[in-house]
Amino acid sequence: MRRRWGPIVTGVALALTFAILVGLGTVGPATPGEGGPAAQAAPPDWMRALRPGEKPPQFVLFSFDGAGSHDHWRRILPLADKVDAQVTGFLSGIYLLADSRRGEYTGPGHPSGHAAISFGGSSQEVDARIADLNEALDRGHELGTHYNGHFCAGNEPSGKNWSTAQWNAELDQFFDFVNDAITHGLLVDENAIKGGRTPCLEGALDTLAPALTEHGLTYDSSRTSDGIAWPRQRAGIWEFAVPVVRVPALGGKRVVMADYNLWYALNGAREDPSRDKEFTEVTLDTYRAAYQAALNTNRAPLTVGTHFNDWSGGAFSAATERFMGEVCVRENTVCTTYSQVIRWMKLQDPAVLDQFRSMRPAQVT
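The opening position of the sequence shown corresponds to residue 4 in my numbering, with each subsequent residue numbered one higher.
Rendered as structure tokens:
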């Protein structure tokens, strides 16, 4: 189980951990799980305080819920290399459990071995997933939590109504699964996992935030915002909202800019192969419009929330990959991770960030 931070003084805890690791002979050059070569290289040019009057880079945050699909990692990793992008994979913890081990998970309020999504498959599939995650971490991508059982409203008790104690239980188990995977070759420092996204964007922040803090997590990307807004700290947690934007192809209807939400708005989330290409273009146009709105106004980081799924014939994955290929090579645009944006924000004059936050959220017109 991951150590809960609780009242422990962070500096003392880290010093003790370091001393123990030195004694065990395990401290040395950074491992892939600590960010890999990309994170250990000299900081990029944009990782600095803004000069007076200078605009921020246009950050784009590509994040993938689940993060367990081998086929999707095989596409994303070379594409990200090509366009100098880093992405965030929000991992569902039970993807690290082979089906034969499903009884090791007990979702809050649910029987052991039950989840709303699949478990990890065969032990060979879990091993392949660990290899994919290791490669992603080694290339500087980020790993976060998507919790475990994916219990959304209607599959009660769901994250929508969980208590802090239930969120703690879910995170305890997530880190149990991560630590078990570390013994099977996963090259991640559990303390490098700093944030996540709740299933279906559900859960009240006032009950979730204490559990995040208890586990040393510092950011969340589960809230929504009216337009593209700057991250704020609430209850000690950096909130990177998923924007609600107007979708041009739907006559300006406002939709949460995430793949499943767009699919549901387009046709009730029904498979219809005759519309797959249309859905790709609609989604791509929505991403483009949101990016341009932020670039032209407040320069707030743009969260692109998506899944490693092939809904509607892969229409939404295709849109995300095309958008990544287009946008990450543009001038003044940085496709990076949540932790890197937090690092950048900490370099800024707080008054400058407050000025950006005071601006109206960017709106797709």
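The beta carbon of each residue, even a glycine, is placed where N, CA and C say it ideally should be.
Does the distance from the CB of residue i to the CB of residue j come in under 7 Å?
i: V337; j: F62; result: yes
i: G230; j: A119; result: no
i: V245; j: F65; result: no
i: L2; j: G123; result: Residue 2 falls outside the range modelled here, since the chain spans only 4 to 368, and no answer is possible.
i: G96; j: F177; result: yes
i: R325; j: L287; result: yes
i: S225; j: T201; result: yes
i: D279; j: G316; result: yes
When burial is assigned at 16 or more other CB atoms within 10 Å of the CB, is residue i buried or exposed?
i: T323; result: buried
i: P46; result: exposed
i: D135; result: buried
i: E57; result: exposed
i: R142; result: buried
i: N151; result: buried
i: D262; result: buried
i: N301; result: buried
i: P59; result: buried
i: A184; result: buried
i: H153; result: buried
i: H75; result: buried
i: R373; result: Here the chain comprises residues numbered 4 to 368, so residue 373 is not present and cannot be evaluated.
i: A293; result: buried
i: D352; result: exposed
i: Q127; result: exposed
i: G147; result: buried
Comparing alpha-carbon positions, which option in the options lies nearest residue i?
i: N264; options: V250, G254 and D275; result: V250
i: A168; options: P55, Q343, G271 and A212; result: A212
i: R237; options: T210, P246 and A261; result: T210
i: K256; options: V367, V330 and L208; result: V367
i: T52; options: L350, S361 and P114; result: Contrary to the premise, residue 52 reads as Ala rather than Thr in this sequence. Taking only the C-alpha atoms, the option nearest A52 is L350.
i: A232; options: V248, F177 and I240; result: V248
i: G92; options: H149, G124, P114 and E107; result: H149
i: S228; options: E242, N335 and A296; result: E242
i: A321; options: C331, F282 and A293; result: F282
i: V129; options: A293, K163 and V181; result: V181
i: P55; options: S361, F359, R360 and V355; result: V355
i: M50; options: M348, Q358 and P353; result: M348
i: Q343; options: S121, P234 and E284; result: P234
i: T340; options: H73, A83, R7 and R78; result: A83
i: C155; options: I79, V90 and E205; result: E205
- Would you call the segment 187 to 199 and the segment 212 to 222 touching, i.e. three or more CB-CB distances under 8 Å? Contact between the segment 187 to 199 and the segment 212 to 222 is present, because at least three Cβ pairs lie under 8 Å.
- Item | Any alpha helix (DSSP H) of 4 or more consecutive residues that is wholly inside the segment 265 to 309 | Correct list: 279 to 299.
- Item | Runs of alpha helix (DSSP H) wholly within the segment 183 to 243 (minimum 4 residues, chain order) | For the segment 183 to 243, whole alpha helix (DSSP H) runs of length 4 or above, ordered along the chain, are 208 to 217.
- Query: Touching or not, the segment 104 to 124 and the segment 163 to 180, by the rule of three or more beta carbon pairs under 8 Å?
  - Reply: Contact annotation: the segment 104 to 124 touches the segment 163 to 180, with at least three C-beta pairs closer than 8 Å.
- Would you be able to state if there are at least three C-beta pairs under 8 Å between the segment 297 to 311 and the segment 63 to 77? Result yes; three or more Cβ-Cβ pairs closer than 8 Å.
- Message: Quick check on the DSSP output: what are the complete beta strand (DSSP E) runs of length 3 or more inside the segment 51 to 120, in order along the chain?
- Response: Counting whole runs of 3 or more residues, the segment 51 to 120 contains the beta strand (DSSP E) stretches 61 to 69 and 91 to 94.
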